[in-house]
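Protein chains in written order, with the numbering used here: chain Z, -14 to 139; chain C, 45 to 428. Where is the CB? At the ideal position from N, CA and C, for every residue including glycine. From a predicted model like this one, the values you see are computed outputs, not experimental measurements. Have a look at the structure below, then the notes.
Structure representation (structure tokens):
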């Protein structure tokens, strides 16, 4: 896993929870095939490792991909938090909804998931878009038909 | 509610759309008092707006009253009159904590889209295509504001709506041009563009101690405004050798700081070959700024319409030892300071609202803004 292979070396400095997380990562590394493929996606999360993966528990956005991805973590240089990496496991069976979302680019789904983990860790929420075209119904001229509001009055 | 929408045929029209709703705990809903046109919207009006869908609401420079508050919002209450930063930033990531909220990692609902375009995710923006975050615009009766504790600011009672409105976008953009251009006391500063952002960049340069400020544009009415309201000297680029005149106005040295604030799409007047290959020219203002700037000076590019350009005069940057930077406004950092200056009358911006329209006539306002820039600096819509 290249750069993230150092995760064991730094784990001791990361505290108990982060070390557990690192061991989780290492365990997952051992399970992968000997030939290393590209495809690691990485984000830097401006929080310490023990907050990013508390007690080695994957945060919810990643948990949805459990079994389908490898995960690695290490402290970012310069006090910039945690570098969280993930990549699809070869021939993984994508669980649940992920199977419908993955399409032909599992790397993109992994990347989006990492961004969600980051948002959750840094802001406490995963940012949602305003209603997209499929959610908002027809756009109609003013004064024609009942306005497609949600019924609240202001 | 009513809102100015992009329609399927690339036109604009006021339509009935669903009311916005709280989607995250840090959201508020704002009842819009004022919402202004901006040059950044012009590329969306060309009929070539990848990422826009029929019914998408435009507009990003606005103020209004808080009417709903999310569960995690701490700084706002229903009834607050707030000006909202046009860009969306979280306030919690490394970039926000460094004072660079326009570089926010978490300002988009799908950071991978702007990653694909710029190499990294950047802050979101209201009323732009989905790649800019997924947030409906403000040319509407109501708008949802994410990260409201970070991006919405109470307006001092003494500051009127038409003045405070420009604290949303134009004023912080102008301020950034002067501040990040490192304007120092005694500097000669040249600003390309006499629109709202350019004039406010010129004003910011004065406030930061510049001794001479020159504004370049091709619209005499805007240049007149820059002279009357900002006290700048002006150059009408239609009948002047801009570089030569700037050299003359700066004792042969060239301006210490050059701010490009032209706005709108770059690379106009492309040759047939450029159109065929999809290549855009270096925007004239950026090129001029690089040539005109004194040795060791600073060039700051504000125009977000500058996308991918070829034939950049990199040699001038090297041989003259220039610092060339760019940026989108950091309103989350600057708006409180700007509102204070507005309250103290140091920053008067209401004159930039040259035209007012009720929301129902917003499409007409955009047409005026686009087609008659010599008259219309900003069209301002009042939805209520």
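Near chain Z, meaning a CB-to-CB distance below 8 Å, the residues of the stretch 389 to 416 of chain C are 404.
The residues 24, 25, 55, in chain order, have a CB closer than 6 Å to that of residue 72/Z in the same chain once the five nearest residues on each side in sequence are set aside.
Looking from the CA of residue 60/C, the closest CA among 197/C, 186/C, 190/C belongs to 186/C. For the pair of segments examined, the stretch 99 to 112 of chain Z was found to touch the stretch 64 to 81 of chain C: the number of CB pairs separated by less than 8 Å reaches three. Bounds of the alpha helix (DSSP H) holding residue 108/Z are 91 to 108. Per DSSP, reduced to three states, the secondary structure at residue 330/C is helical. With fewer than 16 other CB atoms across the displayed protein chains lying within 10 angstroms of its CB, residue 52/C is exposed. Beta bridge pairing from DSSP links residue 107/C with 78/C, 127/C. Two segments are said to touch when three or more pairs of C-beta atoms, one from each, lie closer than 8 Å; by this definition the stretch 211 to 222 of chain C touches the stretch 374 to 383 of chain C. For residue 367/C, the enclosing beta strand (DSSP E) stretches over residues 367 to 370. Exposed is the label assigned to residue 355/C, since fewer than 16 other Cβ atoms lie within 10 Å of its Cβ.
With three or more CB-CB distances shorter than 8 Å, the stretch 80 to 88 of chain C counts as touching the stretch 337 to 352 of chain C. Taking 8 Å as the CB threshold, residue 155/C lines the interface with chain Z.
For residue 196/C, no alpha helix (DSSP H) run applies; the uninterrupted beta strand (DSSP E) run containing it begins and ends at 196 to 198, by DSSP.
For residue 90/Z, the nearest beta carbon of chain C is not closer than 8 Å to its own beta carbon. Chain Z places a beta carbon closer than 8 Å to that of residue 178/C, counting this residue as a contact.
The Cβ of residue 100/Z sits closer than 8 Å to at least one Cβ of chain C. When only Cα atoms are considered, residue 230/C and residue 255/C end up about 5 Å apart.
The beta strand (DSSP E) runs lying completely inside the stretch 247 to 296 of chain C and spanning 3 residues or more are 256 to 261, 277 to 280, given in chain order. Around the C-beta of residue 304/C, 16 or more other C-beta atoms lie within 10 Å, and the residue is accordingly described as buried. Annotated three-state conformation of residue 388/C is coil, per DSSP. Counting along the chain, no beta strand (DSSP E) covers residue 36/Z; the unbroken alpha helix (DSSP H) around it starts and ends at 34 to 37. Residue 70/C belongs to the set of residues whose beta carbon lies under 8 Å from a beta carbon in chain Z. Straight-line measurement puts the Cα of residue 300/C at about 17 Å from the Cα of residue 237/C.
The beta carbon of residue 258/C does not come within 8 Å of any beta carbon belonging to chain Z, so the residue lies off that interface. Secondary structure note for residue 186/C: its beta strand (DSSP E) is the uninterrupted segment 186 to 189. Inter-segment contact for the stretch 42 to 52 of chain Z and the stretch 88 to 104 of chain Z is present: three or more beta-carbon pairs are separated by less than 8 Å.
If you look at residue 155/C, you'll find it in the alpha helix (DSSP H) that goes 155 to 162. Using beta-carbon distances, residue 36/Z does not count as an interface residue toward chain C, since no partner is under 8 Å. Look at residue 147/C here: in three-state DSSP terms it is helix.
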